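J.:
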Amino acid sequence: MTCVACTDKGRIFLAGRDGHIYELLYSTGSGWQKRCRKVCVTAGLGSVISRWVIPNVFNFGTVDPVVEMVFDNERQILYARTEEMKLQVYVLGPIGDGPLKKVAEERNLVNHRDGHHGGRQSSGSRVSSRSPKPSIVCISPLSTLESKWLHLVAVLSDGRRMYLSTSPSSGSLNGFNTNHHKPSCLKVVTTRPAPPWGVSGGLTFGTMALAGRPQNEDLSLKVEAAYYSAGTLILSDSSPPTMPSLLVLNRDSSTQSSPSGNLGTGTRSSRALRESVSSLPVEGRMLSVADVLPLPDTSATVQSLYSEIEFGGYESSMESCERASGKLWARGDLSTQHILPRRRIVIFSTMGMMEIVFNRPLDILRRLLESNSPRSVLEDFFNRFGAGEAAAMCLMLAARIVHSENFISNVIAEKAAEAFEDPRLVGMPQLEGSNALSNTRTAAGGFSMGQVVQEAEPVFSGAHEGLCLCSSRLLFPLWELPVMVIKGSLGDSGSSFENGVVVCRLSIGAMQVLEHKLRSLEKFLRSRRNQRRGLYGCVAGLGDVSGSILYGSGSALGAGDRSMVRNLFGAYSRNMESNGGGAANKRQRLPYSPAELAAMEVRAMECIRQLLLRSGEALFLLQLLSQHHVTRLIQGFEANLQQALVQLTFHQLVCSDEGDRLATRLISALME
């Protein structure tokens with residue numbers, strides 16, 4: 001036997017050196033059959049008879065052993081790789097309990113792509129034509145979370161990656177529902193070049209830099225083994241002359257944003273996938289790699305929160321919560337670091353075992369704050385990730401809502417809060433475009449009668465964007481989904497009450513975790529408001545400017561507060577006044593003053609704080625309902641009210657009048 005693959009339903013497949021695949025059938029032993037037996041599932045009847053009648057010494061045919069098998073539990077597809085680089089595709093039926101059936105086999109996949117992607121040609125001309133033909137060293141299925149039309153990735157010995165599909169219509173999403181997709185072929189859709197040597201595509205702080213090579217050496221990789229899982233690729237490279245190395249590639253979450261002068265308005269631009277490359281010198285040869293999955297409590301929370309959104313296409317109760325939650329790492333660190341721990345991978349080599357820990361961007365920011373790094377390093381961090389993303393990370397540290405193995409100290413939380421409120425890092429609210437008003441005039445100084453004058457729109461600072469990002473990621477798993485579901489109903493889950501039981505969609509543990517994060521974030525914002533920190537202090541007591549949403553209109557600014565406002569808005573006002581001549585006329589035409597822009601942002605942040613408060617209260621109410629029999633509670637409700645409750649989304653519960661009425665009825669039912 002050369003390798004073993006198993007499914008979530010407990011089926012075990014063995015690959016032999018004779019090129020066939022066997023299934024290990026096991027039972028309790030009742031009856032005349034053995035408890036465990038091996039059955040060949042790829043050989044036909046003629047092949048079986050010939051092996052019984054004709055000895056192996058008279059079999060002169062070449063044998064192509066199967067050297068690797070992987071199983072896609074979402075699409076119920078078994079992939080096999082042979083020694084001669086043939087890739088085979090087998091299906092096990094729509095739910096994975098049928099017989100093994102071959103649907104495709106390809107043997108010239110590498111040749112098809114040799115002419116299009118020359119591996120290392122862009123790195124140097126010293127890659128000679130005598131280089132051996134690249135071989136496939138690893139195959140791995142892609143989850144539906146990563147792609148719905150790419151199904152398999154094959155890693156070559158020169159570091160390239162081939163992405164393959166089992167459907168002929170890979171250009172559209174039609175037919176790629178995991179419940180109905182039927183594989184019919186295996187074709188290469190795209191190829192990603194090998195990682196560059198000597199150039200790091202990631203951060204220059206917090207990661208190990210790539211070691212350079214002498215210019216007279218061959219720049220091609222010699223990959224002996226590889227491992228791919230949830231967007232992370234590990235290559236065992238034996239090309240260095242001194243010691244083998246591990247190349248670790250994962251998604252680069254940073255973005256080269258606008259210059260620091262435009263931090264308040266810089267937005268994340270759409271771009272192709274970028275990866276950070278790290279090199280680790282190791283002793284020995286990599287034998288096996290495994291993910292360290294999240295702990296059961298964390299996995300159960302993630303499974304409950306994201307099962308409908310991220311894992312909706314794969315409704316298999318056989319998959320463990322740990323494996324399902326581990327797939328969420330493919331979404332990247334920015335959208336998961338508040339709920340998932342740092343990723344860990346264990347590598348077994350001929351010299352022992354080692355563990356690789358991947359620092360999230362938030363962990364890097366925490367290191368910078370702990371080490372009292374120079375301000376320029378912190379500014380570089382904000383430039384790389386953008387003011388909004390960096391402010392969201394500061395907010396998570398300050399409110400202590402990040403998933404962390406270590407406790408966040410008060411010193412780190414306060415430093416993160418100061419960075420979140422620092423206008424030099426997050427910018428200030430301003431009008432869209434620094435010269436939005438001057439564009440209404442022509443270059444010659446006259447008026448352009450043929451142009452439509454666009455009114456300048458206010459753009460809030462990175463602090464407001466960070467608060468929006470943080471709040472939206474917390475509320476994303478439940479905002480547009482119903483709060484109640486019907487379990488055990490024979491009819492549609494949204495219309496039949498006769499045979500079903502009404503329960504809360506989320507588990508009590510998941511709602512407790514989410515409520516704690518929402519209340520912690522709201523408490524932090526309320527404390528900064530009460531202390532008049534940041535923009536809260538700038539607009540405190542501005543009466544008609546700030547309205548009455550924060551403070552009474554009768555309070556007046558002190559001398560220190562007025563000085564703070566002048567210091568914060570002075571540079572912005574001078575910039576607006578210096579755009580061409582006629583400064584006085586332009587000041588009169590400004591749609592909003594700097595103080596009004598600050599007040600508008602504070603109003604918006606206060607509205608978000610109120611939303612977080614109501615969302616936390618709604619989750620607390622749902623937890624109380626989960627501890628009781630919801631079906632019994634709503635027995636006295638009218639039919640239309642019961643129907644409205646089952647169809648009620650969390651957004652409607654928090655923000656609509658109908659949600660208020662239903663919440664009042666539910667509370668009354670609980671009290672009774």
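1 is the number of the first residue of the sequence shown in the UniProt record's numbering; add one for each residue after it. The beta-carbon is built from N, C-alpha and C at its ideal position, and this holds for glycine as well. All values reported here derive from a predicted model rather than from experimental measurement.
Across the segment 371-389 and the segment 399-409, are there enough close Cβ pairs to call them in contact, namely three or more that are closer than 8 Å?
T.: No contact exists between the segment 371-389 and the segment 399-409.
J.: Please report the residue range of the beta strand (DSSP E) in which CYS504 lies.
T.: Residues 501-504.
J.: Measuring only the C-alpha atoms, how far is LEU625 from ILE486?
T.: Straight-line Cα distance between these residues: approximately 14 Å.
J.: Report the residue from THR631, PRO341 and LEU24 whose alpha carbon sits nearest the alpha carbon of VAL39.
T.: It is LEU24 whose Cα lies nearest to the Cα of VAL39.
J.: Give me the Cα-Cα distance between THR166 and HIS20, rounded to the nearest whole angstrom.
T.: In a straight line, the C-alpha of THR166 is about 21 Å away from that of HIS20.
J.: For the pair the segment 336-352 and the segment 421-435, tell me if three or more CB-CB distances fall below 8 Å.
T.: No, the segment 336-352 does not touch the segment 421-435.
J.: Please decide whether LYS133 counts as near chain C, where near means a Cβ-Cβ distance under 7 Å.
T.: Here there is only one protein chain, and chain C is not present.
J.: Cα separation between SER507 and SER304?
T.: If I take the Cα positions, the gap works out to 6 Å.
J.: Just the C-alpha distance for ARG342 and LEU334, rounded to the nearest angstrom, thanks.
T.: ARG342 and LEU334: Cα-Cα distance of roughly 12 Å.
J.: Give the straight-line distance between the Cα atoms of PRO183 and TYR79, rounded to the nearest whole angstrom.
T.: Approximately 11 Å, taken between the alpha carbons.
J.: Does the separation of the CB atoms of ASP158 and LEU249 fall below 7 Å?
T.: It is not a contact, given that the beta carbons lie outside the stated cut-off.
J.: In the DSSP assignment, find the beta strand (DSSP E) that holds MET162 and state where it starts and stops.
T.: Unbroken beta strand (DSSP E) run through MET162: 161-165.
J.: In whole angstroms, what is the alpha-carbon distance linking MET85 and PHE13?
T.: If I take the Cα positions, the gap works out to 20 Å.
J.: Could you check if GLY534 is buried or exposed, using at least 16 other CB atoms within 10 Å of its CB as the buried criterion?
T.: It counts as buried.
J.: As a quick exercise: from ARG192, LYS102, VAL357 and SER656, pick the residue whose alpha carbon is nearest that of GLU275.
T.: Considering only alpha carbons, the answer is ARG192.
J.: Restricting to Cα atoms, I'd like to know which of SER140, LEU145 and PRO296 is closest to TYR163.
T.: With distances taken between Cα atoms, TYR163 lies closest to SER140.
J.: With ALA413 and ALA398 assumed to form a contact (beta carbons below 8 Å), what rounded beta-carbon distance in angstroms separates them?
T.: Confirmed, Cβ separation roughly 5 Å.
J.: Look at the Cβ atom of MET605, then the Cβ atom of LEU475, and state whether they are nearer than 7 Å.
T.: Cβ distance not < 7 Å, so MET605 and LEU475 don't count as in contact.
J.: Sorted by chain position, which residues of the same chain lie with C-beta nearer than 6 Å to LEU295's C-beta, five sequence neighbours on each side aside?
T.: Taken in chain order, the list of residues that qualify is empty.
J.: Straight-line CA distance for residue 735 to ALA104?
T.: Any answer about residue 735 is impossible in this case: the structure gives the chain only from 1 up to 672.
J.: Using a 10 Å radius around the Cβ and a threshold of 16 neighbouring Cβ atoms, would you call ALA290 buried or exposed?
T.: Flag for ALA290 reads exposed.
J.: Using the rule of at least 16 other Cβ atoms within 10 Å of the residue's Cβ for burial, across every protein chain shown, is CYS607 buried or exposed?
T.: Exposed.
J.: What are the complete beta strand (DSSP E) segments, minimum 3 residues, inside the segment 75-115?
T.: With a minimum length of 3 residues, the continuous beta strand (DSSP E) runs that stay inside the segment 75-115 are 77-82, 87-91 and 101-106.
J.: Rounded to the nearest angstrom, what separates SER278 and ARG528 at their Cα positions?
T.: Spanning the two alpha carbons is a distance of roughly 39 Å.
J.: Figure out for me which residue from LEU152, ASN108 and LEU92 has the closest Cα to the Cα of LYS102.
T.: If we check each option's Cα against that of LYS102, LEU92 comes out closest.
J.: In whole angstroms, give me the CA-to-CA distance for THR631 and SER299.
T.: So the two alpha carbons sit approximately 28 Å from each other.
J.: Hey, quick one: how far does the alpha helix (DSSP H) through VAL4 stretch, first residue to last?
T.: Not the alpha helix (DSSP H): VAL4 falls in the beta strand (DSSP E), residues 3-6.
J.: Determine the extent of the beta strand (DSSP E) in which VAL70 is found, giving its start and end residues.
T.: Here the beta strand (DSSP E) through VAL70 covers 66-72.
J.: Drop a sphere of 10 angstroms on the beta-carbon of TYR90, count the other beta-carbons inside from all chains shown, and report buried for 16 or more, exposed for fewer.
T.: Label assigned to TYR90: buried.
J.: Return helix, strand or coil for ALA417, following the three-state DSSP convention.
T.: ALA417 falls in the helix class under three-state DSSP.
J.: Hey, how far is the Cα of SER200 from the Cα of ILE77?
T.: Model confidence at SER200 stands at a pLDDT of 45, short of 50, so the residue's coordinates are unreliable; what they give is reported in the following sentence. Computed Cα separation, rounded: 36 Å.
J.: Consult DSSP for LEU334 and reduce its assignment to one of helix, strand or coil.
T.: Correct three-state label for LEU334: coil.
J.: By a C-beta neighbour count over all protein chains shown, 10 Å radius and 16 as the cutoff for buried, is residue 745 buried or exposed?
T.: Examination of residue 745 is not possible in this model, given that the chain is present from 1 through 672 alone.
J.: Along the beta strand (DSSP E) that carries ILE345, what are the first and last residues, could you check?
T.: Counting along the chain, the beta strand (DSSP E) containing ILE345 begins and ends at 343-349.
J.: Less than 7 Å separating the beta-carbons of SER254 and ARG360?
T.: No, these two residues do not count as a Cβ contact at 7 Å.
J.: What does DSSP give as the partner residues of GLN430 in its beta bridges?
T.: For GLN430, which the question treats as bridged, DSSP gives the partners VAL459.
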